[in-house]
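**Student:** Numbered according to my numbering, the sequence shown spans residues 18 to 270. In this text, a Cβ means the ideal position worked out from N, Cα and C, and glycines have one as well.
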Amino acid sequence: MLSVKRLNLDSSWHISYNKTDFIIDPWLIGSEVDGFKWLNEQWHIKEPIPISKLPNYNFILISQNYEDHCHINTLKKIPKDKTLIATEKAYKKLKKEFPKRKIILLEDNKVTSFEGLNFISLRPNKILDPIYYSIVIINKDEAIFYAPHGFTLDNKQLELINKINIKLLITTFTEFEIPKIMGGKVNPGMENVYELYNQIKPLNTINTHDEEKKAKGLVSSLAKIKYADFDKIESKNSINFIRIDNYVKKIVK
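(1) Who are the near neighbours of Tyr150 in its chain, counting only those whose CB is closer than 7 Å to its CB and skipping five residues on each side?
(2) Starting from the C-beta of Pro196, find all residues in its chain whose C-beta is less than 7 Å away, skip the five residues before and the five after it, and write them out in chain order.
(3) Measuring alpha carbon to alpha carbon, tell me which residue in Asn254, Leu134, Gly167, Lys99 is nearest Ile148.
(4) Around the Cβ of Arg260, are there at least 16 other Cβ atoms within 10 angstroms (buried) or fewer (exposed)?
(5) Can you tell me which residues form a DSSP beta bridge with Glu208?
(6) Should Thr37 and Asn73 be called a contact, given that it needs their Cβ atoms to be closer than 8 Å?
(7) Would Ile102 pass as a contact of Leu71 if the rule is Cβ separation under 8 Å?
(8) Can you list, in chain order, the residues of its chain whose CB lies under 7 Å from that of Ile120, leaving out five sequence neighbours each side?
(9) Around the C-beta of Trp60, are 16 or more other C-beta atoms found within 10 angstroms, so that it is buried, or is it exposed?
(10) In three-state terms, what does DSSP make of Lys267?
(11) Starting from Tyr108, follow the alpha helix (DSSP H) in both directions and report where the run begins and ends.
(12) With DSSP as the reference, label Thr189 as helix, strand or coil.
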């Protein structure tokens with residue numbers, strides 16, 4: 018059985034899969050700052066699930082090194098015996114911040130096994146930042162494809178993914194663009210959702226990283242943001258969309 022539960026309205030999740038419970042990208046307290054407050058600081062509009070009320074979980078999966086995914090202040094409040102699993106850039110940040118904690122590296126395009134699940138970190142075909150990973154979470158012959166900033170699969174990655182039945186695609190629906198010198202298109206929007214859907218053919222699709230947050234700083238003043246029309250997407254439902262806009266656990270069939 019697969020169940021998902023939002024922990025905030027952005028990109029923090031509790032997942033129960035193959036009797037294994039884990040958390041993805043917890044940002045549950047305070048603001049998140051990218052570099053400097055004058056550059057970018059954001060807050061949730063709706064309060065996340067309190068850390069003290071989190072459902073049971075075995076470990077924490079961190080997909081990106083950026084603060085809205087790898088939120089250090091939240092991780093400091095979480096019990097230190099919880100294993101952290103992270104993509105390469107997040108792993109380096111976490112090892113520096115938590116040298117005594119158990120942290121597992123997800124190597125690019127390689128399978129890492131933990132707690133009855135297999136994980137594959139997919140890195141985009143680029144060298145310069147910003148670099149946004151996706152993660153495949155495999156349970157036997159099916160998987161979750163988690164891409165909070167969207168993703169473009171190269172031929173090698175596509176060949177790898179096409180061998181797996183994707184039960185659930187979790188990806189952003191928002192288009193978020195800033196000047197190229199600052200990062201360019203941070204979230205690629207619905208065009209990439211349809212591209213991914215056609216490539217990996219998931220049974221279900223859920224949106225993530227789409228919260229309309231309170232923000233200040235240079236980034237928010239320059240950003241061009243286009244939020245998805247969820248009513249229209251839900252009505253048309255050409256991507257097997259499951260709408261979750263609250264903190265209720267949802268079983269994914």
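**Tutor:** In this structure, then:
(1) Ser80, Gln81, Thr104, Ser138, Leu139, Arg140
(2) Leu239
(3) Gly167
(4) exposed
(5) DSSP output for Glu208 lists no bridge partner at all.
(6) no
(7) no
(8) Leu101, Ala103, Tyr108, Leu111, Lys112
(9) exposed
(10) strand
(11) 105-114
(12) coil
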